[in-house]
Amino acid sequence: MAHPKRKISKTRRDKRRTHYKAVAPQVAVDPTTGEAHLYHRAHWHEGKLYYRGQIVIDSAEEIQA
């Protein structure tokens, strides 16, 4: 197994780690409901599941059936 010949200083280690940053998730606005949601994710609004502006599941229909 390889071992370092010299100790890497804290400064050099931290310089390498400067590029690791947390990014804020992208938020989209549904064109039909105006609801904010994550990209490529379905979201609930008033008892209905929407994806790309269309109703995927309507919970009111499932309860009656």
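First residue of the sequence shown? That's 1 in UniProt numbering, and the numbers climb one at a time after it.
Even for Gly, the Cβ is constructed at its ideal location relative to N, Cα and C.
For clarity, every value in this text was computed on a predicted model and none was experimentally measured.
### Query
Rounded to a whole number of angstroms, what is the C-alpha to C-alpha distance between Thr11 and His19?
For this step, residue 11 is matched to residue 11 along the sequence shown. For this step, residue 19 is matched to residue 19 along the sequence shown. The straight-line gap from Cα to Cα measures roughly 14 Å.
### Query
Measuring CB to CB, does Ala42 end up less than 8 Å from Val56?
For the purposes of this step, residue 42 is identified with residue 42 of the sequence shown, where counting begins at 1. For the purposes of this step, residue 56 is identified with residue 56 of the sequence shown, where counting begins at 1. In contact: Ala42 and Val56 (Cβ atoms closer than 8 Å).
### Query
Alpha carbon to alpha carbon, how far is Gly47 from Glu35?
Your numbering for residue 47 matches position 47 in the sequence shown. Your numbering for residue 35 matches position 35 in the sequence shown. Near 13 Å, if we compare the C-alpha coordinates of Glu35 and Gly47.
### Message
Whole angstroms are fine: how far does the CA of Arg13 sit from the CA of Pro4?
### Response
Residue numbering aside, residue 4 sits at position 4 when the sequence shown is read from its first letter. Residue numbering aside, residue 13 sits at position 13 when the sequence shown is read from its first letter. For Pro4 and Arg13, the distance between alpha carbons rounds to 13 Å.
### Query
What first and last residue would you give for the beta strand (DSSP E) that runs through Asp58?
Locating residue 58 in the sequence shown gives position 58, counting from the first residue. Counted as a single uninterrupted DSSP element, the beta strand (DSSP E) harbouring Asp58 occupies residues 54-58.
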